[in-house]
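Structure record follows, encoded as structure tokens.
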Amino acid sequence: MRLRALLETDALGLRLLGGEDELDRTVRGVMTTDLRDPSRYLSGGELVLTGLAWRREPEDSERFVRILAAAGVAGLAAGEAEMASTPDDLVLACARHRMPLFSVDEDVSFASITEHVVRQVSGERAGDLAAVVDRHRRLMTTGPAGGGPEVVLDLLGSDLDLRAWVLSPSGRPIAGSSLAGAGPALPAAVSATLAGEHLAASRTGRRGPHRITAAGATYSLFPIRSSGRDLRETVLSDWLLAVEADAGDWPEERLDLLHGVTQLIAVERDRREAARTVRRRLAQEVLELVQTGAAPAEIAARLRVAAPVLLPGLGTAPHWQIVVARVEWEGGDIPGGPVAQALLEEVLVDPDAIGPDPSDRIAVAHTGDEAVALVPLPSVPSVSPVSSVPPGAETEGAADVTGLHADALLAAVREPLSRGLADDGRLTLGVSAAVHSAEGLRGALEEARHARRVAAARPGRVCAAGHQELASHVLLLPFVPDDVRRAFTARLLDPLRDYDRRHRAELIPTLEAFLDCDGSWTRCATRLHLHVNTLRYRVGRIEQLTGRDLSRLEDKLDFFLALRMS
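The sequence shown begins at 350 in this note's numbering and counts up one residue at a time.
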């Protein structure tokens, strides 16, 4: 807007004192100050409002106006509430520096002027940005991408003062002004919360934007959605736009603008989806070779082709890992394979990695309702929680490799994705150990599939299991039929539970501690803070009630399994 427009608005109570030739200056903002030197807070184009508290002697006016002129201020408006009239020395200083000067009627508050200017400037910026967005939309739909979502988000920040981020379904930041160093980053916990709330709202069918408060700030969440498909086919892989603002107070024009931004980002999302075709085909070829029992040399040849695509510039990957996923919806009317494929391409990325490019290093195929990811592991250190290997979990030949770990992967995605699965969907994941050659891929695939079946036997909407769990009795327990499980545990433990209820004897906790201490009377008594004779009495009562002998390995094992299955 122009200074002339402010002067022509009677409700603002402005009177021109000098600078008539400069009234076509553009006003880009407004600032109220009584600092003697406000230069650090000026960026140019402001209308400065002042009560003149900085003026102690006539010479102060020259210095103050000189600072404003050097900063590129559009104009100065002085309030008359404290003085009967604007000092002549201020009028003369403004004339020397060609600074337009207004007086503000004492009945008009600076807040009223500020609100008017902000409303007008924001509306004009929105119109300008809408034109830019429309131009970018035409460019991106008819030609090469023009910088991706980062370009549009930079415009939101510079033209509308909006902080915004594009997030993956699990909350990983893909684009945003803070990712380029402009402002603080969005905390990981907040990102996960925003993603979860967005997925939950989407599953209820509510239209965006969805407004939520997290960590003391209000965010508006706009879906970036693939059109023309069942929501369950895309909800676990669609991006979202999170804006740090309350869109509930926005005019329709600004809402339309943000929806245009999401459509623009969706074009880039679809383009990158199409670019994954080569990696998917490579993964499909390797998977078919592995499943059909092809010779290791033939599989190795395909891996040599895949490595440069997945790890450009790094040569052949020294190790590979396989992740198997299955997404199941109640009713079975939505194929789970493609959904799981798109999901793995989004979540099998270091959560500390910024931008969409890291997902381009994951090759995922699908067969039936199952998706299989081929993950290359270069021998480089990683500090990512998803890419960590806990102590003792390293595999032979992979001591220098940091790979995906099921527990960390689950922790990174469970909360938000559970909201998207709602009450009719389920995701199960299995993670193999790292293998260093083509010969190991078949075993890694079977290992990941077994681990996924272990995860499927657990309760919860999102479950994962890793290869570490396959070398334990834990592998067997999930496959015990429910009726057998109930009968076995009831036969051994119900007599003890009944006795505990009647006498508060704590036989079950005593049994657990006794087994945890490997049958050591001294260590168990110390842990329970009991005299050894008291412990012997309790163990004797357990044996009497169950007809078992806790000195026998077989009976110890039965009690151990019963406690685990209960």
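In this text, a Cβ means the ideal position worked out from N, Cα and C, and glycines have one as well.
Task: Segment limits, alpha helix (DSSP H) that includes G792 - done: Counting along the chain, the alpha helix (DSSP H) containing G792 begins and ends at 790-805.
Task: Alpha carbon of P436 to alpha carbon of L356, nearest angstrom - done: C-alpha separation (whole angstroms): 20 Å.
Task: As assigned by DSSP and simplified to three states, the class of T567 - done: Strand.
TODO: Indicate, with yes or no, if the ligand MN has a heavy atom lying under 7 Å from the CB of A813.
DONE: Annotation note on the ligand MN: not contained in the displayed structure, which lists no ligands.
Task: Per-residue burial, A761 [other beta carbons within 10 Å of its own, 16 or more giving buried] - done: So A761 counts as buried.
Task: Own chain partners of D456 with C-beta closer than 8 Å, once the 5 adjacent residues on each side are dropped - done: Here D456 has G362 as same chain residues with Cβ atoms under 8 Å from its own Cβ, once five neighbours each way along the sequence are excluded.
Open item on the list: Just verifying my parser: in three-state terms, what is the DSSP assignment at P522?
Closed with: If DSSP states are grouped into helix, strand and coil, P522 belongs with the strands.
Open item on the list: Using the three-state DSSP reduction, which class does I573 fall into: helix, strand or coil?
Closed with: Reduced to three states, the DSSP call for I573 is strand.
Task: 6 Å Cβ shell around A542 - same chain, five flanking residues per side excluded - done: According to the sequence as given, residue 542 is Thr; it is not Ala. Hits under 6 Å: A563.
Open item on the list: Can you look up H873 in the DSSP assignment and give me helix, strand or coil?
Closed with: Sequence inspection shows Cys at residue 873; the His mentioned does not correspond to that position. Correct three-state label for C873: helix.
Task: For V672: DSSP bridge partner residues - done: For V672, which the question treats as bridged, DSSP gives the partners A722, V780.
Task: Cβ neighbour criterion (16 or more within 10 Å) applied to G1000 - done: Nothing can be reported for residue 1000: it is not among the residues displayed for the chain, which extend from 350 to 915.
Task: Helix, strand or coil at A351 [DSSP, three-state] - done: Strictly speaking, residue 351 in this sequence is Arg, with Ala absent from that position. Strand.
Open item on the list: Using the three-state DSSP reduction, which class does T553 fall into: helix, strand or coil?
Closed with: Per DSSP, reduced to three states, the secondary structure at T553 is coil, with no helix or strand assignment.
- [ ] Mind the definition here: the stretch 545-553 touches the stretch 616-634 only if three or more C-beta pairs lie below 8 Å; say whether that holds.
- [x] In this structure the stretch 545-553 does not lie against the stretch 616-634, because fewer than three pairs of beta carbons, one per stretch, are closer than 8 Å.
- [ ] Assign A760 to one of three DSSP states: helix, strand, or coil.
- [x] The answer is helix: DSSP assigns A760 an H, G or I state.
TODO: Would you tell me roughly how many angstroms separate the C-alpha atoms of L819 and A783, rounded to the nearest one?
DONE: Those two C-alpha atoms are separated by around 14 Å.
TODO: Please state if the CB of H799 and the CB of G815 are separated by a distance shorter than 8 Å.
DONE: Result no, Cβ atoms of G815 and H799 do not sit closer than 8 Å.
Task: Sequence-distant residues of the same chain with beta carbon closer than 7 Å to A771, five excluded per side - done: Excluding positions up to five away in sequence, the list reads R552.
TODO: Decide if the stretch 628-646 is in contact with the stretch 584-596; the criterion is three or more beta carbon pairs, one per stretch, under 8 Å apart.
DONE: Not touching, per the Cβ criterion.
TODO: Following the continuous beta strand (DSSP E) through L590, name the residue where it begins and the one where it ends.
DONE: L590 -> beta strand (DSSP E) spans 588-592.
Open item on the list: Which of the three DSSP states is assigned to V422 in this structure?
Closed with: Three-state DSSP puts V422 in coil, outside helix and strand.
Open item on the list: Taking the straight line between their C-alpha atoms, what separation do you get for S790 and T777?
Closed with: The sequence given here has Leu at residue 790, not Ser. Taking the straight line joining both Cα atoms gives about 21 Å.
TODO: Enumerate in chain order the residues of its own chain whose CB-to-CB distance from E796 is below 6 Å, with the five nearest sequence positions on each side excluded.
DONE: Closer than 6 Å at the Cβ level, and outside the excluded window around E796, lie S781, H816.
Open item on the list: Quick check on the DSSP output: what are the complete alpha helix (DSSP H) runs of length 4 or more inside the stretch 593-648, in order along the chain?
Closed with: Here the runs fully enclosed are 601-624, 626-640.
Task: N-terminal and C-terminal residue of the beta strand (DSSP E) that L396 is part of - done: Looking at the DSSP string, the run of the beta strand (DSSP E) that includes L396 is 395-399.
TODO: Express the C-alpha separation of A423 and T463 in angstroms, rounding to a whole number.
DONE: C-alpha separation (whole angstroms): 14 Å.
- [ ] Please determine, among A793, A813, P808, the residue with the shortest C-alpha to C-alpha distance to A801.
- [x] The question names Ala, yet the displayed sequence has Arg at residue 801. If you compare the alpha carbons of A793, A813, P808 with that of R801, the shortest gap goes to A813.
Open item on the list: Do V635 and A655 have their beta-carbon atoms positioned less than 8 Å apart in this structure?
Closed with: In terms of Cβ geometry, A655 and V635 form a close pair [threshold 8 Å].
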